[in-house]
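Below you'll find the structure, written out as structure tokens, and then a few comments.
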Amino acid sequence: MKPRWLAIVGRKGGTGKTTLALCLAARYARGGRRVLLADLDPQGSATLAAGAAPSGADLAAVLNGTAAPQPAAVAERLDLLAGGPELETLTAPRPLRDALAGVPADVVLVDCPPGHAHLDRLALAAADVVLACCEPHRLAIAGAARVLDEARAHRPAPRCAVVLGRVDERRGLDRAAPDLLAGAFGLPVLTVRQDAALAAALNAGGLPPEHGRAAADLDAVARWIEGTEPRKGTP
Amino acid sequence: MNRQDKARAGMLAGLEAGHAQAKIDRRLAAEADRGRAVGLLDLEAIRPRAGTDTRPARAAHVLTLAESVAAVGLVQALAVDKAGRLVAGLHRLEACRLLYLVKPEARAAHLATLDGADRMDPEETRARLRALPVSADLPEPLRAGKVPCRVLADLDAETDPDAALAAEAAENTARKAYTSAEVSALADRLRRAGYRDGGGRPRKGERALRPALALVLGVDVSTVRRNLNTPEKPAHVSGFSEAAARLARALAAFDRAAGDVALADMTPAQRRAVKDAAALADLLARLHLNAEGKEA
Numbered sequence: 095m096k097p098r099w100l101a102i103v104g105r106k107g108g109t110g111k112t113t114l115a116l117c118l119a120a121r122y123a124r125g126g127r128r129v130l131l132a133d134l135d136p137q138g139s140a141t142l143a144a145g146a147a148p149s150g151a152d153l154a155a156v157l158n159g160t161a162a163p164q165p166a167a168v169a170e171r172l173d174l175l176a177g178g179p180e181l182e183t184l185t186a187p188r189p190l191r192d193a194l195a196g197v198p199a200d201v202v203l204v205d206c207p208p209g210h211a212h213l214d215r216l217a218l219a220a221a222d223v224v225l226a227c228c229e230p231h232r233l234a235i236a237g238a239a240r241v242l243d244e245a246r247a248h249r250p251a252p253r254c255a256v257v258l259g260r261v262d263e264r265r266g267l268d269r270a271a272p273d274l275l276a277g278a279f280g281l282p283v284l285t286v287r288q289d290a291a292l293a294a295a296l297n298a299g300g301l302p303p304e305h306g307r308a309a310a311d312l313d314a315v316a317r318w319i320e321g322t323e324p325r326k327g328t329p
Numbered sequence: 055m056n057r058q059d060k061a062r063a064g065m066l067a068g069l070e071a072g073h074a075q076a077k078i079d080r081r082l083a084a085e086a087d088r089g090r091a092v093g094l095l096d097l098e099a100i101r102p103r104a105g106t107d108t109r110p111a112r113a114a115h116v117l118t119l120a121e122s123v124a125a126v127g128l129v130q131a132l133a134v135d136k137a138g139r140l141v142a143g144l145h146r147l148e149a150c151r152l153l154y155l156v157k158p159e160a161r162a163a164h165l166a167t168l169d170g171a172d173r174m175d176p177e178e179t180r181a182r183l184r185a186l187p188v189s190a191d192l193p194e195p196l197r198a199g200k201v202p203c204r205v206l207a208d209l210d211a212e213t214d215p216d217a218a219l220a221a222e223a224a225e226n227t228a229r230k231a232y233t234s235a236e237v238s239a240l241a242d243r244l245r246r247a248g249y250r251d252g253g254g255r256p257r258k259g260e261r262a263l264r265p266a267l268a269l270v271l272g273v274d275v276s277t278v279r280r281n282l283n284t285p286e287k288p289a290h291v292s293g294f295s296e297a298a299a300r301l302a303r304a305l306a307a308f309d310r311a312a313g314d315v316a317l318a319d320m321t322p323a324q325r326r327a328v329k330d331a332a333a334l335a336d337l338l339a340r341l342h343l344n345a346e347g348k349e350a
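Protein chains in written order, with my numbering: chain A, 95 to 329; chain B, 55 to 350.
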């Protein structure tokens, strides 16, 4: 079966990209899927959060064509290709799908960095699904709009959605934001509520918890993703 | 308007700013792609245009272009297909060939093969050919017989003439967008090489700056006039789209400076960037609301 490629983008930093990538990766792995988490962030956030060192050699070397992909096992059925500072220096990277062809996976999750349009482009070109993380704040929305404009211009066009994270329903603005943004973006807006247990688990270096507010919301995100067919005719 | 309404307007303003930034991203990516594909090719390696519909190069145009190439070099790259056949830039190529011949009699013989050479004033043409630089004074990389060329690696002009025609049209319209400062710098170089501004028809022996600059840049004379007459404008917000563009730039600076750093950990410069971005975002929100008010 062809893997489904998900790009987690946002362009602005601190909007929950890595958290969403880890949550989805853990959820799919627990559900019996084989997951490859590709950390495209020069800061190596997903790599650090998963407890691996950001060597920088891994994904950067694979994209440079100097090494074959050798993902590290993070958990059962969850492998990680580490990101790191060398990703900043890529000049003529291979397309992600070519570079990672042959890595066994049902789902490939690409965690994109903040502020790197050229790295985002690698993920957008590979993605069946693009999830743009943002918060009910104009700077985060600007970042999401910026990268989604580019994603929607790609052919074949990936399926796109906005993921509004750390939503606190006690705040009026957080309650109003999903409808406002769904209208403004013309895209589905999926919400993930603020979850102290999730923040604590990631802070402690563990995987996201199986249950809780955020986990429940991620079920809806996963259901929306399930409606996407993997791209035909490509590795 | 209450605080909630203002915040909602701010979120929508953020969306507009993101769209504006995305446009800049696309332009920069396209320019980078075009820049990457430009390399230096030997003049001799460039093959004639494919097909039978080859327009002959006009002699007068080639000589004028050769004078400007001698002064500032070849600014707009030629385009060739994957086999090195010329796709766009016939006059530029002929101008480079003319210059590279170096000897006045060889240059004259080459010019005579071009279209309309017999209609040029022989005395003036000889003088202009003599005034062209000798080998050592040719601009680089032409001195070494090389010209900047964009190689369209996916195009075979012989088997796909339609695509070649489309590529030629694209090459001739998608020229690099020069800033006023870049145009001014090129104009200065042409002035130093003896080109003169000023309206009206140039006197005999004089070379007019604006047409030469238009030729070098591959744009029309009115674009050159606009560029030369437009000084770098002081910051002035006159409407929504301009504010959006300014905000886009400030936000890009914010992105670079701030990243994931907490406000308390930022340097003063980073904090200033955050503050500027926020101030511009407020401005944009206000303009956005004004625009909405007018529409309503």
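Note that the Cβ used here is the ideal one computed from N, Cα and C, for glycine as well.
Span of the beta strand (DSSP E), counted from its first residue to its last, around residue i
{"i": "residue 202 of chain B", "result": "200-206"}
{"i": "residue 228 of chain A", "result": "223-228"}
{"i": "residue 100 of chain B", "result": "Premise fails: residue 100 of chain B is in no beta strand (DSSP E) and is neither H nor E."}
{"i": "residue 173 of chain A", "result": "172-175"}
{"i": "residue 179 of chain B", "result": "Looking at the DSSP string, residue 179 of chain B is not in any beta strand (DSSP E); the run it does join, the alpha helix (DSSP H), is 176-185."}
{"i": "residue 295 of chain A", "result": "Counting along the chain, residue 295 of chain A falls outside any beta strand (DSSP E), though it belongs to the alpha helix (DSSP H) covering 290-297."}
{"i": "residue 284 of chain A", "result": "283-287"}
{"i": "residue 100 of chain A", "result": "98-103"}
{"i": "residue 193 of chain A", "result": "Run containing residue 193 of chain A: none in the beta strand (DSSP E); it sits in the alpha helix (DSSP H), 190-193."}
{"i": "residue 166 of chain A", "result": "166-169"}
Proximal residues to residue i (C-beta, below 6 Å), its chain only, five neighbours per side dropped
{"i": "residue 166 of chain A", "result": "146, 174"}
{"i": "residue 186 of chain B", "result": "124"}
{"i": "residue 315 of chain A", "result": "284"}
{"i": "residue 161 of chain B", "result": "152, 155, 183"}
{"i": "residue 278 of chain B", "result": "264, 267, 268"}
{"i": "residue 320 of chain A", "result": "none"}
{"i": "residue 308 of chain A", "result": "286, 289, 292"}
{"i": "residue 165 of chain B", "result": "113, 171"}
{"i": "residue 117 of chain A", "result": "302, 312"}
{"i": "residue 215 of chain B", "result": "105"}
{"i": "residue 122 of chain B", "result": "266, 269, 270"}
{"i": "residue 221 of chain B", "result": "141, 206, 209"}
{"i": "residue 270 of chain A", "result": "none"}
Neighbourhood of residue i by C-beta distance below 8 Å, restricted to the same chain and skipping five residues each side
{"i": "residue 250 of chain B", "result": "256, 260, 261, 262, 263"}
Cβ pair residue i, residue j closer than 8 Å
{"i": "residue 225 of chain B", "j": "residue 141 of chain B", "result": "yes"}
{"i": "residue 150 of chain B", "j": "residue 196 of chain B", "result": "yes"}
{"i": "residue 206 of chain A", "j": "residue 111 of chain A", "result": "yes"}
{"i": "residue 283 of chain A", "j": "residue 276 of chain A", "result": "yes"}
{"i": "residue 100 of chain B", "j": "residue 138 of chain B", "result": "yes"}
{"i": "residue 129 of chain A", "j": "residue 214 of chain A", "result": "no"}
{"i": "residue 267 of chain A", "j": "residue 331 of chain B", "result": "no"}
{"i": "residue 121 of chain A", "j": "residue 312 of chain A", "result": "yes"}
{"i": "residue 92 of chain B", "j": "residue 202 of chain B", "result": "yes"}
{"i": "residue 111 of chain B", "j": "residue 168 of chain B", "result": "yes"}
{"i": "residue 136 of chain B", "j": "residue 192 of chain B", "result": "no"}
{"i": "residue 103 of chain B", "j": "residue 132 of chain B", "result": "no"}
{"i": "residue 106 of chain A", "j": "residue 234 of chain A", "result": "yes"}
{"i": "residue 261 of chain A", "j": "residue 279 of chain A", "result": "no"}
{"i": "residue 248 of chain A", "j": "residue 226 of chain A", "result": "no"}
{"i": "residue 209 of chain A", "j": "residue 109 of chain A", "result": "no"}
{"i": "residue 224 of chain A", "j": "residue 195 of chain A", "result": "no"}
N- and C-terminal bounds of the alpha helix (DSSP H) containing residue i
{"i": "residue 93 of chain B", "result": "Counting along the chain, residue 93 of chain B falls outside any alpha helix (DSSP H), though it belongs to the beta strand (DSSP E) covering 92-96."}
{"i": "residue 319 of chain A", "result": "307-320"}
{"i": "residue 117 of chain B", "result": "113-126"}
{"i": "residue 321 of chain B", "result": "Looking at the DSSP string, residue 321 of chain B is not in any alpha helix (DSSP H), and its letter there is neither H nor E."}
{"i": "residue 185 of chain A", "result": "No alpha helix (DSSP H) contains residue 185 of chain A, which DSSP labels as neither H nor E."}
{"i": "residue 266 of chain B", "result": "263-271"}
{"i": "residue 277 of chain B", "result": "275-283"}
{"i": "residue 188 of chain B", "result": "First-last for residue 188 of chain B: undefined, no H or E at that position."}
{"i": "residue 155 of chain A", "result": "152-158"}
Sequence-distant residues of the same chain with beta carbon closer than 7 Å to residue i, five excluded per side
{"i": "residue 97 of chain A", "result": "199, 200, 201, 202, 324"}
{"i": "residue 349 of chain B", "result": "With a pLDDT of 42 at residue 349 of chain B, under the threshold of 50, the modelled position of this residue cannot be trusted, and the question is left open."}
{"i": "residue 133 of chain A", "result": "140, 141, 153, 174, 175, 176, 177, 205"}
{"i": "residue 275 of chain B", "result": "264, 265, 268"}
{"i": "residue 217 of chain A", "result": "101, 103, 134, 190, 204, 206"}
{"i": "residue 188 of chain A", "result": "157, 159"}
{"i": "residue 124 of chain A", "result": "304"}
Subject >> Every unbroken beta strand (DSSP E) within the region 133-173 of chain B, with a cutoff of 3 residues, ordered by chain >> reply: 140-142
Subject >> Runs of beta strand (DSSP E) lying entirely within the region 202-273 of chain A, each at least 3 residues, in chain order >> reply: 223-228, 253-261
Original post:
Which runs of the beta strand (DSSP E), 3 residues or longer, sit entirely within the region 116-150 of chain A?
Top reply: 129-133
Original post:
Is there contact between the region 171-185 of chain A and the region 129-145 of chain A, where contact requires at least three CB pairs shorter than 8 Å?
Top reply: They touch, by the three-pair rule.
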